[in-house]
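Sequential numbering of the sequence shown, starting at 136, is according to the numbering used here.
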Amino acid sequence: YFSKSNLSAATQPIQEAFGFSSAKFGIILTSASLVYAIGQFINGNLTDRLGPRKLFFIGAIGAVVGNFFFGFSSSFTLFFITWMIATYFLSMGWAPCMKLLYNWFPQNRWGFFGGICNAFCFFGSAIVLPVAGLCIDLFGWRSAFFIPPLFTLVMGIIFFIVVRNTPQEDGFEIEWQDDPNVDNGNEKIQAKDYIEVLKNKKMIVVDICYFLTNMLRWALASWVVKILMDSPDIGGFGMAVVTASLIGSMMHWGGAALCIISGWVQDKIFHGERWQTIFICFLFAGLPLLYLTKGAAILDSSYGIPLICAIMFLGGGLIQTICAPIFNIPGDVLGNRLAATGVGIMNGFGYLGAAFAGVGFGALMDAISGTNFFYVITALCIVGALLSLFLRPSKEEREAKKREKEESLVSE
Numbered sequence: 136y137f138s139k140s141n142l143s144a145a146t147q148p149i150q151e152a153f154g155f156s157s158a159k160f161g162i163i164l165t166s167a168s169l170v171y172a173i174g175q176f177i178n179g180n181l182t183d184r185l186g187p188r189k190l191f192f193i194g195a196i197g198a199v200v201g202n203f204f205f206g207f208s209s210s211f212t213l214f215f216i217t218w219m220i221a222t223y224f225l226s227m228g229w230a231p232c233m234k235l236l237y238n239w240f241p242q243n244r245w246g247f248f249g250g251i252c253n254a255f256c257f258f259g260s261a262i263v264l265p266v267a268g269l270c271i272d273l274f275g276w277r278s279a280f281f282i283p284p285l286f287t288l289v290m291g292i293i294f295f296i297v298v299r300n301t302p303q304e305d306g307f308e309i310e311w312q313d314d315p316n317v318d319n320g321n322e323k324i325q326a327k328d329y330i331e332v333l334k335n336k337k338m339i340v341v342d343i344c345y346f347l348t349n350m351l352r353w354a355l356a357s358w359v360v361k362i363l364m365d366s367p368d369i370g371g372f373g374m375a376v377v378t379a380s381l382i383g384s385m386m387h388w389g390g391a392a393l394c395i396i397s398g399w400v401q402d403k404i405f406h407g408e409r410w411q412t413i414f415i416c417f418l419f420a421g422l423p424l425l426y427l428t429k430g431a432a433i434l435d436s437s438y439g440i441p442l443i444c445a446i447m448f449l450g451g452g453l454i455q456t457i458c459a460p461i462f463n464i465p466g467d468v469l470g471n472r473l474a475a476t477g478v479g480i481m482n483g484f485g486y487l488g489a490a491f492a493g494v495g496f497g498a499l500m501d502a503i504s505g506t507n508f509f510y511v512i513t514a515l516c517i518v519g520a521l522l523s524l525f526l527r528p529s530k531e532e533r534e535a536k537k538r539e540k541e542e543s544l545v546s547e
């Protein structure tokens with residue numbers, strides 16, 4: 136995320152320097168989301184075939200190189216090409232992360248450790264926004280694509296040296312070897328497996344739900360900093376880049392904190408079911424964000440900025456938190472043999488949603504007041520809450536899970 140969310144902090148300065156409208160710059164954001172989606176459809180399956188360690192490392196190095204070239208660019212065409220390169224390599228990150236989670240932890244702990252995994256992604260976004268904003272303030276917008284990616288480079292190298300694909304590769308035996316979800320490595324991943332994942336009815340619902348989730352996530356991540364920086368005359372808040380970037384980062388801090396809590400809730404309260412957490416996050420995310428439609432008038436109060444920070448922490452954080460439960464569902468449904476394929480396909484659909492967050496919301500903001508953006512976000516949160524109800528397990532699925540748990544207790 137140090138080589139991905141840095142663009143959010145630099146969007147307004149780049150538009151100002153080169154005279155790009157929000158709709159035109161949204162073309163880059165939308166195209167990047169489409170490239171990311173294509174990469175997810177490909178790289179999730181590659182993770183199952185090749186292993187997560189190698190693919191993650193290649194992605195980290197490629198993303199850094201793409202960022203460097205973007206920082207040297209001075210035309211819309213070069214901005215477009217170099218960010219597409221960076222984005223494709225960035226698409227090699229998430230499926231390997233989830234595959235490692237499925238391999239290294241038993242299913243009854245996926246909620247908590249998946250929450251931690253998501254939390255650190257959001258920590259990355261939370262930290263890079265003010266870091267990139269400070270770099271821009273001190274050295275200009277280009278520095279946002281040179282300094283933060285150096286952290287990606289260092290961590291990518293450490294990752295490759297330290298991480299192994301499975302506990303067995305590191306000399307460990309796993310206590311949950313008899314779990315039916317465990318991949319014994321004897322079955323080769325084939326093209327027909329990919330088709331089966333695409334046709335899985337439960338996964339189709341998850342794909343649609345994540346399409347909406349990612350549209351909301353990236354609408355906020357891509358445009359909130361710009362709205363905060365825009366003049367109040369056009370529906371903005373008139374903030375400086377460092378202040379706006381710091382407030383924008385609150386959604387990532389919120390996501391990080393709430394992801395860990397949601398993971399515990401999934402495992403301990405809902406006993407491995409995910410839909411309840413998703414429903415709660417959607418339902419309660421839109422309400423605080425609706426308050427931001429008041430616009431710059433909020434800043435007339437002495438507690439205006441802390442209030443906006445709290446709103447972004449809670450509302451934006453809850454939208455981010457949906458990632459924690461929803462990314463455990465491919466493992467629940469498919470087992471860890473095809474889990475990364477499921478994650479890749481789901482994330483591919485998610486970034487088709489993110490594509491609309493670029494040019495679609497960019498065009499929307501050119502047409503309406505910036506704060507009206509939050510009416511749309513709230514309405515979509517309500518739609519998401521309704522969609523999540525279709526993720527409830529059937530009576531047969533619950534009975535099967537109950538029998539499996541009883542058999543496990545008997546064997547112990």
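C-beta: ideal position from N, C-alpha, C; glycine also.
Host alpha helix (DSSP H) of residue i (start-end)
i: residue 363; result: 336-364
i: residue 276; result: Segment: none, residue 276 is in no alpha helix (DSSP H) and carries neither H nor E.
i: residue 418; result: 410-425
i: residue 401; result: Note, residue 401: premise wrong, no alpha helix (DSSP H); not H, not E.
i: residue 151; result: 141-153
i: residue 179; result: 157-185
i: residue 234; result: 229-239
i: residue 432; result: From DSSP, residue 432 is part of no alpha helix (DSSP H); its letter is neither H nor E.
i: residue 506; result: Run containing residue 506: none; DSSP gives neither H nor E here.
i: residue 208; result: It is not in any alpha helix (DSSP H) - residue 208 carries neither H nor E in the DSSP assignment.
i: residue 295; result: 282-297
i: residue 226; result: Careful: residue 226 lies outside any alpha helix (DSSP H) and carries neither H nor E.
Residue i and residue j closer than 8 Å at C-beta
i: residue 338; j: residue 468; result: yes
i: residue 145; j: residue 353; result: no
i: residue 243; j: residue 398; result: no
i: residue 394; j: residue 191; result: no
i: residue 491; j: residue 350; result: yes
i: residue 391; j: residue 489; result: no
i: residue 194; j: residue 218; result: no
i: residue 300; j: residue 188; result: yes
i: residue 171; j: residue 259; result: no
i: residue 552; j: residue 473; result: The requested residue 552 does not occur in the structure, where the chain is confined to residues 136 to 547.
i: residue 553; j: residue 414; result: No answer is possible for residue 553: it lies beyond the span of the chain, which begins at 136 and ends at 547.
i: residue 496; j: residue 453; result: no
i: residue 463; j: residue 239; result: no
i: residue 459; j: residue 228; result: no
i: residue 175; j: residue 226; result: yes
i: residue 348; j: residue 461; result: yes
i: residue 477; j: residue 465; result: yes
CB-CB length for residue i against residue j, believed under 8 Å
i: residue 329; j: residue 484; result: With a Cβ gap of about 14 Å, residue 329 and residue 484 do not count as contacting.
i: residue 522; j: residue 343; result: 7 Å
i: residue 230; j: residue 198; result: Rounded, the Cβ-Cβ distance is 15 Å, inconsistent with contact.
i: residue 504; j: residue 370; result: 3 Å
i: residue 241; j: residue 381; result: Between residue 381 and residue 241 the Cβ distance is about 39 Å, and since that is not below 8 Å, they are no contact.
i: residue 430; j: residue 378; result: Not quite, the Cβ-Cβ distance comes to about 16 Å (not below 8 Å), so this is no contact.
Evaluate contact between the region 177-192 and the region 231-247, counting only Cβ atoms and requiring at least three cross-stretch pairs below 8 Å.
Contact holds: three or more Cβ-Cβ distances are below 8 Å.
With contact counted as at least three CB pairs below 8 Å, one residue from each stretch, are the region 417-424 and the region 443-453 in contact?
Yes, they touch.
Quick check: the region 137-153 against the region 267-275, are at least 3 beta-carbon pairs closer than 8 Å?
When C-beta atoms of the region 267-275 are compared with those of the region 137-153, three or more pairs fall below 8 Å, so the two segments count as touching.
Should the region 358-376 be regarded as contacting the region 500-507, the criterion being three or more beta carbon pairs within less than 8 Å?
Contact between the region 358-376 and the region 500-507 is present, because at least three Cβ pairs lie under 8 Å.
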